[in-house]
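Using the UniProt record's numbering, you'd call the opening residue of the sequence shown number 1 and step up by one each time. All C-beta atoms, glycine included, are put in the ideal place defined by N, C-alpha and C. Reviewing the structure listed below.
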Amino acid sequence: MKFLVYKDGQLRKDFTLSGAYLFGADLIPFRHIEGIRFSDGVIECVKKSTDSAGLSLLWPVEGFGQVLLSTARIPERQEPYILNVELARARLMQITLKREDWALFDQSDSLEAQAEEAQELFIKSLQHISEPEKASVFADQALAKGLAFSEKLAARHAEQYLALRFKNRGLGRHSLGCTAEPALLDNEKYLKWLLEMFGFITIPVNWGKIELKRGEYNFDAMDQCMDHLSGKRLALCAGPLLCFTPSMIPEWILKEERDFEKIRERAYEFVTKIVTRYGKYIHAWRVISGMNSANCFGFTFEQSLEMTRTACLAAKSADTKSRKIVEILCPWGEYYASDKTTVPPLVYADMVIQSGISFDAFGLQFHFGKNEPGMHVRDMMQISSRLDCFAAVPKAIHITGISVPDRPGPGTTDSQAAGVWHSDWDPAVQAEWLEQFYKIALGRPFINTVTYSHLADDADMPISGCGLLNDKFSPKQAFLVVAKFQKAILKHIQ
1 MKFLVYKDGQ LRKDFTLSGA YLFGADLIPF RHIEGIRFSD GVIECVKKST DSAGLSLLWP
61 VEGFGQVLLS TARIPERQEP YILNVELARA RLMQITLKRE DWALFDQSDS LEAQAEEAQE
121 LFIKSLQHIS EPEKASVFAD QALAKGLAFS EKLAARHAEQ YLALRFKNRG LGRHSLGCTA
181 EPALLDNEKY LKWLLEMFGF ITIPVNWGKI ELKRGEYNFD AMDQCMDHLS GKRLALCAGP
241 LLCFTPSMIP EWILKEERDF EKIRERAYEF VTKIVTRYGK YIHAWRVISG MNSANCFGFT
301 FEQSLEMTRT ACLAAKSADT KSRKIVEILC PWGEYYASDK TTVPPLVYAD MVIQSGISFD
361 AFGLQFHFGK NEPGMHVRDM MQISSRLDCF AAVPKAIHIT GISVPDRPGP GTTDSQAAGV
421 WHSDWDPAVQ AEWLEQFYKI ALGRPFINTV TYSHLADDAD MPISGCGLLN DKFSPKQAFL
481 VVAKFQKAIL KHIQ
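And the structure:
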């Protein structure tokens, strides 16, 4: 498959491929490809099958930013496609489908004029399809109008459903949460903001930092968290108890163990130990995280399911009262294109349910602002559509982690490689993004809680300036946005 890449009606001489991957049915990334490369104005995608495929990549849109966009699935052909046209076509198709899903049609609506304008521009691009330079210009205009319209559409849908959820008292004081940073709980300002704002607080758990030697546990940081947070009318969550990335695994296991049965046995022992110790304080356990995408031991699909079962069984045996959450990372599954030991998100969710594993809910995480699979910036229509995919999952959903930057960063957090939403990241853009995201998430009745990942900025953060407070513990605009939602929730439950 080949795509011509135009900018302002001219073939691009240079273009950086960022976040690019091919996908097939159900948006599942293609694994069997030989490469995606750009040269002399053409993106060439070489794959090992003749199946229809779509291309996703970070794409600049004038007046909107630089976001990860996708074409529709299209068949192979000798003649190259015009990428600008295919991206516009896919967005207008998505708009039509979501308007039907959401029943948002109103001929007298001011939004309708915008939709028609985008469609007319796209029709003009098709009328000039034999003149790629002209077709690309009209397609770029159609895409820009379509993106702006689709976000307004997603916002309107979210506002309607959020108002309905407020009316039905579907949200409670524990609906909004935040992950605490144990090292900062001794700071009075940090603790004050944490306790005043949130009724649902997550205590992070890192197996690698707790069981430094086999059978020797250091629970000092967890004990300190319990001293600060227990007995304060809070709903406490803890986790992830297991996550198979190198930074979350004890070094002695990484060095010594490669046998699945032994690793599973060690994991069962750790989960049992920590859940038994803190079960009386914790309302929800994030039992296992990212088994779909984070798999440093190269577990097979069956072993990944078995590890999920083991973690849930250990937690359930030690604490029968609290909720057990199985966490899914990278909800679009971009990682699947390059890592053969991983599983697409919805496939993993379905198999966990079909396997009869005993747990209560799934957790989803959304982190944007880094040039890594799953972290390139997406627009609100894509986020809204992806959440809808989880509506059919017969378990409650918790958003267990969110973060976006308040500034452009260096290296992998550079905006040109990681993405830009509307304009360069700054505190105002971060706040506006959060406002839109919280509306979309809280408006969906199957989402129980929404937890932000970082209360305060820290030099060691994976994403620059993604805290709700700055490094002096003063509130940012993003903090005020979350406070507004919390105030509205409390008002409607009184």
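* Secondary structure, alpha helix (DSSP H): runs of 4+ residues fully inside the region 421-469 -> 427-442
* Asked: Can you give the Cα-Cα distance for Ser150 and Ile95, rounded to whole angstroms?
  -> For this step, residue 150 is matched to residue 150 along the sequence shown. For this step, residue 95 is matched to residue 95 along the sequence shown. So the alpha carbons of these two residues sit roughly 6 Å apart.
* Residue closest to Asp460, alpha-carbon to alpha-carbon, out of Ala183, Pro60 and Thr272 -> Residue 460 sits at position 460 when you count from the first residue of the sequence shown. The residue with the shortest Cα to Cα distance from Asp460 is Ala183.
* Decide if Ile328 is buried, meaning its Cβ has at least 16 other Cβ atoms within 10 Å, or exposed. => By one-based count along the sequence shown, residue 328 stands at place 328. For Ile328, the number of other beta carbons within 10 angstroms of its own is at least 16, and it is reported as buried.
* What first and last residue would you give for the beta strand (DSSP E) that runs through Gly54? -> Working through the sequence shown from its first residue, we reach residue 54 at position 54. In the DSSP annotation of this structure, the continuous segment of the beta strand (DSSP E) that includes Gly54 starts and ends at Gly54 to Val61.
* Asked: Taking Cβ positions, are Arg378 and Trp425 nearer each other than 9 Å?
  -> Counting from 1 along the sequence shown, the entry for residue 378 is found at position 378. Counting from 1 along the sequence shown, the entry for residue 425 is found at position 425. For Arg378 and Trp425, no; Cβs fall outside 9 Å.
* To do: Return the bridge partner residues of Arg37 from the DSSP annotation.
  => Along the sequence shown, read from residue 1 onward, the residue named residue 37 stands at position 37. Answer is Glu44.
* Asked: Cα separation between Lys324 and Arg37?
  -> Within the sequence shown, residue 324 is the residue found at index 324, counting from 1. Within the sequence shown, residue 37 is the residue found at index 37, counting from 1. Their Cα atoms are separated by approximately 43 Å.
* To do: Taking all protein chains shown into account, decide if Ala142 is buried (16 or more other Cβ within 10 angstroms of its Cβ) or exposed.
  => If you number the sequence shown from 1, residue 142 lands on position 142. Label assigned to Ala142: buried.
* 9 Å Cβ cutoff met for Leu442 and Ala478 -> On the sequence shown, position 442 is the one that residue 442 refers to. On the sequence shown, position 478 is the one that residue 478 refers to. No, these two residues do not count as a Cβ contact at 9 Å.
* Asked: Looking at the structure shown, is Gly177 part of a helix, part of a strand, or coil, going by DSSP?
  -> Counting from 1 along the sequence shown, the entry for residue 177 is found at position 177. Correct three-state label for Gly177: strand.
* For Gly239, I'd like the list of residues in its chain whose CB is within less than 6 Å of its CB, leaving aside the five on either flank, ordered along the chain. => Translated into the one-based positions of the sequence shown, residue 239 becomes position 239. Cβ neighbours of Gly239 beyond the five flanking positions: Val205, Trp285 and Arg286.
* To do: Taking Pro373 as the reference, give the member of Lys484, Ser385, Leu58 and Thr50 with the closest Cα.
  => Counted from its first residue, the sequence shown places residue 373 at position 373. Minimum Cα distance to Pro373 is reached at Leu58.
* Return the first residue and the last residue of the alpha helix (DSSP H) that His367 is part of. => Position 367 of the sequence shown, counted from the start, is the residue given in the question as residue 367. From DSSP, His367 is part of no alpha helix (DSSP H) but of the beta strand (DSSP E) over Ala361 to His367.
* **Nearest-angstrom beta carbon gap, Gly146 and Ala235 [assumed within contact, 8 Å]** => Here residue 235 corresponds to residue number 235 of the sequence shown, with the count starting at 1. Here residue 146 corresponds to residue number 146 of the sequence shown, with the count starting at 1. Not quite, the Cβ-Cβ distance comes to about 41 Å (not below 8 Å), so this is no contact.
* Specify, as a first and last residue, the run of the beta strand (DSSP E) that Pro204 falls within. => The count along the sequence shown starts at 1 and reaches residue 204 at position 204. It spans Phe200 to Pro204 - the beta strand (DSSP E) in which Pro204 sits, taken as one unbroken run.
* Measure the C-alpha to C-alpha separation of Asp350 and Glu265 and round it to an integer number of angstroms. => The residue labelled residue 350 in the question sits at position 350 within the sequence shown. The residue labelled residue 265 in the question sits at position 265 within the sequence shown. Distance between the alpha carbons of Asp350 and Glu265: 25 Å.
* In the DSSP assignment, find the unbroken beta strand (DSSP E) run with Cys237 in it and report its ends. => Here residue 237 refers to the residue found at position 237 when the sequence shown is read from its first residue. Here the beta strand (DSSP E) through Cys237 covers Ala235 to Gly239.
* Nearest to Ile357 by CA position, among Met307, Ser338 and Gly208, is which residue? -> Numbered from its first residue, the sequence shown carries residue 357 at position 357. For the residues Met307, Ser338 and Gly208, the minimum Cα distance to Ile357 belongs to Met307.
* Asked: Ends of the alpha helix (DSSP H) at Phe23?
  -> One-based indexing of the sequence shown puts residue 23 at position 23. Counting along the chain, Phe23 falls outside any alpha helix (DSSP H), though it belongs to the beta strand (DSSP E) covering Tyr21 to Phe23.
* The beta strand (DSSP E) enclosing Arg286, as first and last residue numbers -> The residue labelled residue 286 in the question sits at position 286 within the sequence shown. Arg286 -> beta strand (DSSP E) spans Ala284 to Ser289.
* Asked: Exposed or buried, what is Val404 when buried is set at 16 or more other beta-carbons lying within 10 Å of its beta-carbon?
  -> The residue you call residue 404 lines up with position 404 of the sequence shown. Val404 should be labelled buried.
* Beta-carbon separation (whole angstroms), Ser110 vs His376, contact threshold 8 Å -> Stepping through the sequence shown from its first residue, residue 110 is reached at position 110. Stepping through the sequence shown from its first residue, residue 376 is reached at position 376. Incorrect: roughly 31 Å between the Cβ atoms, too far for contact.
* Tell me whether Met197 is buried or exposed, calling it buried when 16 or more other Cβ atoms sit within 10 Å of its Cβ. => Residue numbering aside, residue 197 sits at position 197 when the sequence shown is read from its first letter. Met197 is buried by the Cβ-count criterion.
* To do: Thinking Lys98 and Leu27 are a contact (beta carbons under 8 Å), I'd like their distance in whole angstroms, please.
  => Translated into the one-based positions of the sequence shown, residue 98 becomes position 98. Translated into the one-based positions of the sequence shown, residue 27 becomes position 27. Wrong, their Cβ atoms sit about 14 Å apart, outside the cutoff.
* Through-space distance from Arg258 to Phe390, alpha-carbon basis -> Position 390 of the sequence shown holds residue 390. Position 258 of the sequence shown holds residue 258. Taking the straight line from one Cα to the other gives about 34 Å.
* According to DSSP, residues forming a beta bridge with Gln81 -> Here residue 81 refers to the residue found at position 81 when the sequence shown is read from its first residue. Reading off the sequence, residue 81 comes out as Tyr, not Gln. For Tyr81, DSSP records a beta bridge to Phe3.
* **Inter-residue Cα distance where the pair is Glu86 and Gln114** => Here residue 86 refers to the residue found at position 86 of the sequence shown. Here residue 114 refers to the residue found at position 114 of the sequence shown. Looking at the two C-alpha atoms, the distance is approximately 20 Å.
* Closest by CA to Leu164, which one among Lys476, Leu480, Thr451 and Ile440? -> Position 164 of the sequence shown, counting from 1, holds the residue named residue 164. Minimum Cα distance to Leu164 is reached at Ile440.
* **First through last residue of the beta strand (DSSP E) which encompasses Ser70** => As a working mapping, residue 70 is identified with position 70 in the sequence shown. Here the beta strand (DSSP E) through Ser70 covers Gly65 to Ser70.
* Terminal residues of the continuous alpha helix (DSSP H) containing residue 495? -> This structure gives no information on residue 495, because the portion of the chain shown stretches from 1 to 494.
* To do: Report the residue from Asp186, Cys237, Trp193 and Leu254 whose alpha carbon sits nearest the alpha carbon of Thr202.
  => As a first step, residue 202 must be located in the sequence shown, where it is residue number 202. Selected option, being the one with the closest Cα: Cys237.
* For the candidate residues Ser384, Leu241 and Gly199, whose alpha-carbon lies nearest to that of Lys232? -> The residue given as residue 232 occupies position 232 in the sequence shown. Measuring from the Cα of Lys232, the nearest candidate turns out to be Gly199.
* Minimum C-alpha distance to His367 - residue among Glu159, Ser453, Arg12 and Ser125 -> The count along the sequence shown starts at 1 and reaches residue 367 at position 367. Per the Cα distances, Ser453.
* Candidates Glu76, Glu133 and Gly35, of which the one nearest Asp8 by Cα -> Locating residue 8 in the sequence shown gives position 8, where the first residue counts as 1. Closest in C-alpha terms to Asp8, from the list Glu76, Glu133 and Gly35, comes Glu133.
* To do: Just tell me which of Gly24, Phe64, Val271 and Phe299 has its CA closest to the CA of Leu55.
  => Numbered from its first residue, the sequence shown carries residue 55 at position 55. It is Gly24.
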